[in-house]
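Residue numbers (my numbering), protein chains in the order written: chain A, 1 to 323; chain B, 1001 to 1323; chain C, 2001 to 2323; chain D, 3001 to 3323. We put the beta carbon where it would ideally sit given N, CA and C, even for glycine. Please read these numbers as outputs of a predicted model, since none were measured by experiment.
Number of protein chains: 4
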Amino acid sequence: MSQRHRSKNIDNTGFGPNSNVEGGRLVNPDGSNNLRKRGIPIWDRISIYHTLLRMKRSHFMMAILLFYTATNVIFAGIYFAIGVEHLSGIDQSKSVVDEVLAAFFFSSQTLTTVGYGHVAPTGLLTNIVASTESLTGILAFAVVTGLIYGRFSRPRAFLRFSSNMVIAPYKDGKGLMIRLASYKNNHLTEVEAQLTIAMHVNEQGKMATRFYPLPLEIAKINSLALSWTLVHHINEESPLYQFNKEELINNRMEVLVYIKAFDDHFSNTVQQRTSFTHRDLIYGAKFLPMFERSVDGTSTVLELDKINAYELVSIKEISPASI
Amino acid sequence: MSQRHRSKNIDNTGFGPNSNVEGGRLVNPDGSNNLRKRGIPIWDRISIYHTLLRMKRSHFMMAILLFYTATNVIFAGIYFAIGVEHLSGIDQSKSVVDEVLAAFFFSSQTLTTVGYGHVAPTGLLTNIVASTESLTGILAFAVVTGLIYGRFSRPRAFLRFSSNMVIAPYKDGKGLMIRLASYKNNHLTEVEAQLTIAMHVNEQGKMATRFYPLPLEIAKINSLALSWTLVHHINEESPLYQFNKEELINNRMEVLVYIKAFDDHFSNTVQQRTSFTHRDLIYGAKFLPMFERSVDGTSTVLELDKINAYELVSIKEISPASI
Amino acid sequence: MSQRHRSKNIDNTGFGPNSNVEGGRLVNPDGSNNLRKRGIPIWDRISIYHTLLRMKRSHFMMAILLFYTATNVIFAGIYFAIGVEHLSGIDQSKSVVDEVLAAFFFSSQTLTTVGYGHVAPTGLLTNIVASTESLTGILAFAVVTGLIYGRFSRPRAFLRFSSNMVIAPYKDGKGLMIRLASYKNNHLTEVEAQLTIAMHVNEQGKMATRFYPLPLEIAKINSLALSWTLVHHINEESPLYQFNKEELINNRMEVLVYIKAFDDHFSNTVQQRTSFTHRDLIYGAKFLPMFERSVDGTSTVLELDKINAYELVSIKEISPASI
Amino acid sequence: MSQRHRSKNIDNTGFGPNSNVEGGRLVNPDGSNNLRKRGIPIWDRISIYHTLLRMKRSHFMMAILLFYTATNVIFAGIYFAIGVEHLSGIDQSKSVVDEVLAAFFFSSQTLTTVGYGHVAPTGLLTNIVASTESLTGILAFAVVTGLIYGRFSRPRAFLRFSSNMVIAPYKDGKGLMIRLASYKNNHLTEVEAQLTIAMHVNEQGKMATRFYPLPLEIAKINSLALSWTLVHHINEESPLYQFNKEELINNRMEVLVYIKAFDDHFSNTVQQRTSFTHRDLIYGAKFLPMFERSVDGTSTVLELDKINAYELVSIKEISPASI
């Protein structure tokens, strides 16, 4: 057991050590914490702006359409309540439905400031409402401009990770490996990687979560052109040295991955997090190459669909855990 | 007394050491300095943009509404002064009030560029004013778009601190503790904390403000998922070691807190400052846990309303000050 | 040969060591990697926003004009399909071509929200389409505003490099030199340079790419006011020490340049990359001065057209490679 | 003389050492380099965006007004050339001047997209031009929105420096002092200062510019609340130790100041540069306090108009230079 404590667990992960308090995995595959907050109202807990920024594009478009329609419905209702006789140009011999529709379209012409003018406000109240609506339209548009720019310009790393982490032969032993590549036409420089392993261990009869840093063979690269395989050598210094395959799974190992880089698209620091659990572990496999020389020989081709391509291999066990 | 000077006071805090010059607390709870500036005109001293950025949302909306109304009133006045007969489509058999209102609504239609056209400028002067007003509208709108985006995208840490700082049992002595948590759905990484204590002490009959750094047991965490309790161990190296409860209060201790982190919402460095005075100190208390496993066991729940939850405990005094 | 391995090759460049996999040069003169990606759909691989950001100005203007025309054509088609009798104010005694044109111009008046109103929508369908088009216009404009601001505010280093790298006399030996200058009215501070050389060498009968850092005499300057000549001294520690001119060319040497600085225009970190291949090497040349005192003697003049000005000189060979 | 070379001059300043090449002062008081660039066309040398960003507010407003008027004049000319009979609603019985004015105001209504519609385009050509103009208006507005936001959000340090640098008594010798304070309601943290002195010295009959760093007693402060006096102690290690007042002036000393900080308004790194020449030096003076306790005793008042307040004092010369 003293062997097992050679690697000191760390308590600066921001997670708690108390295993029977925390539930499930710590970090979700998309990098968010598996965590809910409560005790204060939702509007204090949620940043609406960032929720709209991170929303899927289709949902965002839907939200704008919904807002546009709802605002028009509300203002159309007000114009109708005041009376459509205060909208010059509307044929009042028509039905109520036609009047409501006319109010709706007048509203949309005001909200977007297109203002054809074949329908125009005449009375005091209608003029006040129309004046308010055109201001609303301008402000809403300012918000939308901000949101669209925010969505575009939000710095992101655009990294794709292998679906699995593998334990592969490495040097004269074995290593834990995770592969990643940037999949967009951006370019990352000064890329740093940090791996932390969480183990749920039984200590003196109590379950506790222990965290250990996993040192990497190369923890920083100057430029991420091709793919990058993160390699943690499982040698005597490694916190994984003492565990065999079954123990890793029984202790519900979870590897937290944190990547930080400078992106030339955004000229900004970007980061991406993810996590691999014991279910993502393939014990005895190695990644296959994912780039090759182009047919004409003048450039290199990175094959992104092969990021998780691996073949099974046997591991030479040398650690005491396997004896 | 020599004991008391073991911790060297620091003079790189940006505050002056001269206690009878400075007044009241140094830093306000919201992190701003308790400081006024004068000697140059207010428009040089104030950044209007940032004032509008930091304004409460309701005040900001009010400011926009006020600006909109005031601008329309001014332009309506000009149109009226030139003569509403130069606005085609206005019924001139009406009263002066109606003419003013018509000028006002024409102004609002021009400022927002909705321009229905049932009222339109005809004379040279009126055309020039209308042309200027529509440009004004477009520029004002550009400013508002910038302000709204600026308000949205202003990087903030969204940290909530415990209302009190406590002196709690720690290791075989005691420690000064402050608790914080991020209360929004943002995620902070590489979080650093820095505590500085200010003491107003009597030195050779003169009051002086002395600053000491308070080393933390953990001063940097990789990720702020749950809450974080900042712990300063009051051991022999601590500048607080020599003071008992009464002295801390008499010397008007003030703890300056500075947090710096990288935020994934903004992909930017964020920071937050606050300060605790001796009035916020609870001597002999410890914070209660504020997170628990969710009912279904798959995630952790952080209870933000418990951030200041503590229970009173007795402190085992071992420092010479209490002998 | 042992001599030749004194400089340890590095494998944190983000490029692979496998020479018969990689093709052509590694980095293009504009700093992009000579690399293609495939295996995932193009819309996942390309960031449209950044493509539009990096596009030449003339192409960007063309793209906007194209989008404007295409959108108007589409909406004009819809209005025509519904029937131009639902656009009040259009003279229906005219030809089909005139009707289509009228629909096109009505569309453009709606898309830009100018909405004169001499042509206005009347039927239900036409009103719905017009309402949708004005929203489209507003959103498209929001996107364009974001793109234009993004293009303006994209932090760039605005550095110009000499077209050639030269091997010049330096101290009592020789040095590899590259010259650069900032060519805009921006100002760079804390400028760092990093040179890495790639050599395609034959190792045990197999071609491999080896990378070595090239230490610089001065690798960081406080402020880039004038030009800066990067100097790598080819002394005994240099990875180039063992190679003569022919070997450098045969091994297809490629020097990767990475500059990082803080820019006061953008108040942001900027970076620029480029690469020089053996074809850009001039063996035995030195750069000529490119700045002089202004005629009135009160300032310095930097002559940017002389950035590649050099004169041929003979090199005193002292390295064993030339023996 | 060997004494004089104890402080090693540095050559990583980005300025050249060649004194008869460089002219006048190196850095202007506003922090820009006293430098002109030529050899490439002005549109390559100038960033229009940043020029517009740094322009004085009044000049910027003027530039927008000019652009607005010029664009309207151009389009009015085109409409007039095509023939105002293609603008429905214009009274053609009027004079040419009136027709031109009508075309001008129609242009402005199109450019701002206000589009009243009492004047509207009818012919094909006029419609095409109007369609183009409204697009121009929208794009120009996008540019202006970007510029205004860029002007607002440009991170600046808002530091005010003392007009003079003084040599004041310090410890048992003397020190070079410069005072600065932030004059806006922003807050700077982690403020770093760097002083470099340039001396134009005669070396073996040739004038050369030598640069030396001037170490500061405190070079970094946590927070800039009050004023900050930069102090360089002129002790035996100082490059100024060997020079008396006359030599400092004869060698045309110039002190380059570089401040870097993190600003909470912008959540960004800000920087400011300035320079003091021998004409700004007051030999034998000390700065007077510039802050005091507020009348009600609850806060501190910083008096920005006293930033250069000093009183003359005598200096005790101990350096060999004065012997």
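What is the DSSP secondary structure of residue i, counted as helix, strand or coil?
i	result
threonine 209 of chain A	strand
glutamate 326 of chain A	Absent from the structure is residue 326 of chain A, since the part of chain A shown begins at 1 and ends at 323.
serine 1134 of chain B	helix
valine 3097 of chain D	helix
serine 2002 of chain C	Residue placement at serine 2002 of chain C cannot be trusted, given a pLDDT of 38 that sits under 50; what the coordinates show is reported in the next sentence. Reduced to three states, the DSSP call for serine 2002 of chain C is coil.
threonine 1112 of chain B	coil
histidine 3050 of chain D	helix
isoleucine 3197 of chain D	strand
arginine 1293 of chain B	strand
lysine 3171 of chain D	coil
alanine 3181 of chain D	strand
phenylalanine 2243 of chain C	coil
valine 3313 of chain D	coil
Along chain B, in chain order, which residues have C-beta atoms closer than 7 Å to that of residue i?
i	result
threonine 3145 of chain D	Ala1142, Thr1145, Gly1146
Determine whether the beta carbon atoms of residue i and residue j lie at a separation below 8 Å.
i	j	result
threonine 2189 of chain C	proline 2213 of chain C	no
glutamate 254 of chain A	alanine 208 of chain A	no
glycine 1146 of chain B	tyrosine 3149 of chain D	yes
isoleucine 2040 of chain C	leucine 226 of chain A	no
threonine 1110 of chain B	glutamate 1133 of chain B	yes
phenylalanine 2141 of chain C	alanine 3261 of chain D	no
proline 3155 of chain D	serine 2267 of chain C	yes
glycine 115 of chain A	tyrosine 1068 of chain B	no
glycine 175 of chain A	histidine 232 of chain A	yes
isoleucine 74 of chain A	threonine 126 of chain A	no
glycine 2024 of chain C	asparagine 2034 of chain C	yes
valine 3191 of chain D	isoleucine 3249 of chain D	no
valine 1097 of chain B	phenylalanine 1080 of chain B	no
So which residues on chain B does residue i lean against when the C-beta distance must stay under 9 Å?
i	result
glycine 2150 of chain C	Within 9 Å Cβ-Cβ: nothing; glycine 2150 of chain C doesn't reach chain B, min ~12 Å.
Just the chain C side, please: which residues come within less than 9 Å of residue i by C-beta, in chain order?
i	result
glycine 1117 of chain B	Gly2115, Tyr2116, Gly2117, His2118
Within its chain, find whatever has a CB closer than 7 Å to the CB of residue i; leave out the 5 residues flanking it on each side and keep chain order.
i	result
glutamate 1311 of chain B	Ala1285, Lys1286, Leu1288
Give the interface partners of residue i over in chain A, defined as CB-CB distance under 9 Å, in chain order.
i	result
arginine 2036 of chain C	Ser294, Ser299, Thr300, Val301, Leu302
aspartate 1011 of chain B	In chain order: nothing, as chain A lies at least about 30 Å away.
leucine 1101 of chain B	Leu124, Asn127
aspartate 994 of chain B	This structure leaves residue 994 of chain B out entirely; chain B is present only between 1001 and 1323.
Under 8 Å Cβ-Cβ, which residues of chain B neighbour residue i?
i	result
serine 47 of chain A	Phe1158, Lys1184, Asn1185, Asn1186, His1265
proline 41 of chain A	The contacting residues do not exist; proline 41 of chain A stays about 10 Å from chain B at best.
tyrosine 258 of chain A	Thr1189, Asn1222, Ser1223
serine 3153 of chain D	Tyr1049, Gly1146, Gly1150
Near residue i, which residues of its chain fall below 6 Å by C-beta distance, leaving aside the five closest residues on each side in sequence?
i	result
arginine 1004 of chain B	Its pLDDT being 44, under 50, arginine 1004 of chain B is placed unreliably by the model, and nothing is read from it.
asparagine 2251 of chain C	Met2199, His2200, Val2201
phenylalanine 2276 of chain C	Met2165, Val2255
For residue i, which residues in chain A fall below 8 Å Cβ to Cβ?
i	result
glutamine 2271 of chain C	Thr189, Phe262, Asp264, Ser267
isoleucine 1221 of chain B	Asn12, Thr13, Gly14
Just checking residue i against the ligand ZN - is the residue's beta carbon closer than 7 Å to any of the ligand's heavy atoms?
i	result
leucine 2159 of chain C	As far as ligands go, the structure on display features none, and thus does not contain the ligand ZN.
Apart from the five residues just before and just after residue i, which ones in its own chain have a Cβ nearer than 8 Å to its Cβ?
i	result
phenylalanine 3015 of chain D	Glu3022, Leu3026, Ala3198, Thr3209, Phe3211
Anything in chain C within Cβ reach of residue i, meaning under 8 Å, just list it in chain order.
i	result
threonine 3110 of chain D	Val2114
Does residue i come within less than 8 Å of chain F when only Cβ atoms are used?
i	result
leucine 1139 of chain B	Among the chains of the structure shown, chain F does not appear; the protein chains present are A, B, C and D.
For residue i, return the contacting residues in chain D, with the cut-off set at a CB-CB distance below 8 Å.
i	result
glycine 2078 of chain C	The question names glycine, but residue 2078 of chain C in the sequence shown is isoleucine. What isoleucine 2078 of chain C touches in chain D: nothing, since even the nearest Cβ is about 17 Å away.
Below 8 Å, how does it come out for the stretch 3038 to 3057 of chain D and the stretch 3218 to 3235 of chain D: are there three or more Cβ pairs, yes or no? Using a Cβ-Cβ distance cut-off of 8 Å, the stretch 3038 to 3057 of chain D and the stretch 3218 to 3235 of chain D are not in contact, since fewer than three pairs of beta carbons, one from each stretch, lie closer than that value.
I'd like to know if the stretch 1171 to 1189 of chain B and the stretch 1152 to 1162 of chain B are in contact, where contact means that at least 3 CB-CB pairs between them fall below 8 Å. Output reads yes: the stretch 1152 to 1162 of chain B touches the stretch 1171 to 1189 of chain B.
Taking one C-beta from the stretch 3273 to 3284 of chain D and one from the stretch 3243 to 3259 of chain D each time, how about it: are there three or more such pairs within less than 8 Å? Pairwise C-beta distances place the stretch 3273 to 3284 of chain D in contact with the stretch 3243 to 3259 of chain D, as three or more of them are shorter than 8 Å.
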